[in-house]
DNA sequence: AGATAAATTTAAAAGGTTTTAGATTTTTGG
DNA sequence: CCAAAAATCTAAAACCTTTTAAATTTATCT
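Below, the structure is given as structure tokens:
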């Protein structure tokens, strides 16, 4: 069964392809097609169940109605929740989403962007970038492609973005810990730590300590590598427990680290020693409602990142934007 | 800056568009283009950084190099892990993934399939269908579109699929419970229960009981509705605890239910009463490694669903398939 | 060298839409 | 009833590839 095309409808109806195309694109009035004709066309098209060939349309208009989403890992619930919300908004507007993961690899991110823009012809791109700086994106090649950055910002780069107030959330939770009489708060950070979210959280951690007239002890800030997360967490925990300074709390900069820490704490060698230590986590996950330990956390409005960024990219695509738009969403402290 | 096109390369090089197109598509030898010419073309194209217009190519060839993925909810880790693995395989082969969520809604699934096939022109579709039966998919409209079904099968439908051995896994875990002297095993199922995965798990549960010469007590099988999961679980738990029959174990048919049950068990009213009850879960999640309670679970080879289904859809797309392919992946019992 | 065969290369068509510029029909005014 | 204006409608071009069918160039053989 051959696909129906404009020509077929044209012959059946006795109107030109032009006219039918105009009506279908909602430009009937604009081009002065009479009400009666428009109705007839719409009715016939509905009956015959015709839909325009996507490629021909894209070729002619240069619009694909595709938006790309590039994140580190789509199987990470944080990003998949964002994806879900983006997709819902786009679908409403007749757009589609194309998702790819970089695996936190800069070269892979490059390839994906190139591919999406050059070959796949996306109309716009939403990116949680792994890059250290914006060099790649400031390239004039991308000047014409709408971009919205999410989750992470690139330094010195005037771009559209939708992010969380990582600094503020971090200040709030560390403040809270100190008010609860945790004077010595260790921090489990993650490598690569140049990523803006992590940078901001560390800065918030430090500034909260300073504002409370306490001293920042660099030896309490531990770097955890993403691909050896469990091992690194256990080693850092070991160091902390063996050191002479007693620790009141450990603040984990993301949910992966918190999870790893919780797993570590189930081991015999840590269980007792660390039982008094408070645990705080940037990013709140379901898990914290199930376990016995009372985790203090900062929850992020993940859905809002998706909704905001998708609405924003549509505005940019449709030329409804004048200035770059910078959205910073507030976090919420969750005590337990 | 206007996009480079075949014509520009042609003028610069002094070869026809035809020739350049042939070389770029790797058909140089097939059409007898000399080695020297081919090299010259490739070099020039690389230097000028030309990439063919995707839409023009798709229009001419009818191939989009897009595969669609339709699942109930892309923010569910189960599906997002599948998505990640599919995407990785497709990317290797020059294909792209387009993901959409149905929200477990049949009408929405219809719209998505129609849209992907008719308007977006995907080359193939991977679907975890929400439908009760295959009527929609047996429609001749879709006869020409490659489909691979995953996770769930539709009854009486001769199609390609990649699924888990839900029946076998269920038998194994219930068997294990009974061997551990849990004679009375309650079952928390989920509505809609016509979904093949759930059906198979319930059948496995029943058959394991029968094979062990015990009686199936229908009153121990509780239906949990997906959208009121927490409330329903607590109500069912309440019923069980109040009834005269003592329960040895509760078997939850998916990780959402298990999680809800674990949350419920933290409440004062249940905590003590249920402390002796063993908990079993179809689908193993990280959480089980962190909490104190020893959860017995069946783990599913989630990555393999993604890998297998994507390789399969590519075979179908490329006409390398003769008969429908049915893949059933084994589960693994995890004792704790 | 001339005719034929083999090796390279290319012109033109096809794919199905949207848009521009222009044609045709209908209405209006005198 | 005719000319001009307004209202509808349409032919053809454009979008940029890939592929078919044919042309041109080079090699081979007598």
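Protein chains in written order, with the working numbering: chain C, -3 to 332; chain R, -3 to 332.
Just so you know, even glycine gets a beta-carbon here, dropped at the ideal spot from N, CA and C.
Since this is a predicted model, take the numbers as computed values, not measurements.
Against residue i, what residues of chain R qualify as contacts under a CB-to-CB distance less than 8 angstroms, listed in chain order?
i	result
residue 73(C)	71, 73, 76
residue 286(C)	255, 258, 259, 262, 283, 287
Residue i to residue j, Cα distance in whole Å?
i	j	result
residue 88(C)	residue 82(C)	10 angstroms
residue 52(C)	residue 71(R)	33 angstroms
residue 84(R)	residue 6(C)	43 angstroms
residue 186(R)	residue 79(C)	26 angstroms
residue 257(C)	residue 184(C)	9 angstroms
residue 259(R)	residue 271(R)	13 angstroms
residue 38(C)	residue 0(C)	15 angstroms
residue 216(C)	residue 68(C)	28 angstroms
residue 98(R)	residue 289(C)	36 angstroms
residue 119(R)	residue 318(R)	18 angstroms
residue 201(C)	residue 266(R)	39 angstroms
residue 326(C)	residue 332(R)	40 angstroms
residue 18(R)	residue 106(C)	27 angstroms
residue 75(R)	residue 96(R)	11 angstroms
residue 298(C)	residue 177(R)	44 angstroms
residue 286(R)	residue 255(C)	8 angstroms
residue 47(R)	residue 110(C)	10 angstroms
residue 25(R)	residue 34(R)	9 angstroms
residue 248(C)	residue 212(C)	16 angstroms
residue 150(R)	residue 322(R)	12 angstroms
residue 278(C)	residue 330(C)	10 angstroms
residue 131(R)	residue 231(R)	36 angstroms
residue 225(C)	residue 237(C)	18 angstroms
residue 218(C)	residue 43(R)	46 angstroms
residue 134(R)	residue 60(C)	29 angstroms
residue 303(R)	residue 22(C)	42 angstroms
residue 31(R)	residue 40(R)	14 angstroms
residue 280(C)	residue 300(C)	15 angstroms
residue 246(C)	residue 274(C)	6 angstroms
residue 55(C)	residue 16(C)	18 angstroms
residue 159(R)	residue 77(R)	15 angstroms
residue 333(R)	residue 250(R)	The question about residue 333(R) has no answer, for chain R in this structure spans -3 to 332.
residue 315(C)	residue 29(C)	27 angstroms
Run through chain C and tell me which residues come within less than 9 angstroms of residue i, C-beta to C-beta.
i	result
residue 322(R)	Going along chain C, no residue has its Cβ under 9 angstroms from residue 322(R), so there is no contact; the nearest lies around 26 angstroms.
residue 83(R)	70, 95, 96, 97
From the DSSP output, read off the bridge partner residues of residue i.
i	result
residue 247(C)	183(C), 276(C)
residue 341(R)	With chain R running from -3 to 332 in the structure shown, residue 341(R) is simply not present.
residue 157(R)	145(R), 322(R)
residue 289(C)	In the DSSP output, where bridge partners are listed per residue, residue 289(C) has none listed.
residue 96(R)	66(R)
residue 218(C)	184(C)
residue 328(R)	295(R)
residue 121(R)	64(R), 143(R)
Name the chain R residues that come within less than 7 angstroms of residue i, Cβ to Cβ?
i	result
residue 266(C)	Those do not exist, as residue 266(C) stays about 13 angstroms from chain R at its closest Cβ, beyond 7 angstroms.
At 8 angstroms on the CB atoms, spell out the chain C contacts of residue i, in chain order.
i	result
residue 80(R)	69, 70, 71, 97
List the residues of chain C that residue i touches, going by C-beta distances under 7 angstroms, in chain order.
i	result
residue 54(R)	51
Worksheet entry | Residues in the region 108 to 131 of chain R having any Cβ partner in chain C nearer than 9 angstroms | 108, 110, 111, 112, 114, 115, 116, 117
Worksheet item: Looking at C-beta atoms only, is the number of pairs between the region 291 to 299 of chain C and the region 168 to 176 of chain C that lie closer than 8 angstroms three or more?
Response: yes
Discussion item. Using a Cβ distance threshold of 8 angstroms, determine whether the region 142 to 159 of chain R contacts the region 300 to 313 of chain R, with at least three qualifying pairs required.
Written reply: yes
Discussion item. Output needed in chain order: residues of the region 88 to 101 of chain R with a Cβ under 8 angstroms from some Cβ in chain C.
Written reply: 92, 93, 94, 95, 96, 97
Discussion item. Please identify, using Cβ separations under 8 angstroms, the residues of the region 223 to 255 of chain R that lie next to chain C, in order along the chain.
Written reply: 255
Worksheet item: the region 34 to 51 of chain C: which residues have C-beta closer than 8 angstroms to a C-beta of chain R, in chain order?
Response: 47, 48, 49, 50, 51
Item to complete: Inspect the CB distances between the region 149 to 167 of chain C and the region 191 to 211 of chain C and report whether three or more fall short of 8 angstroms.
Response: yes
Item to complete: Determine, using beta-carbon pairs with one atom in the region 117 to 136 of chain R and one in the region 57 to 66 of chain R, whether at least three such pairs fall under 8 angstroms.
Response: yes
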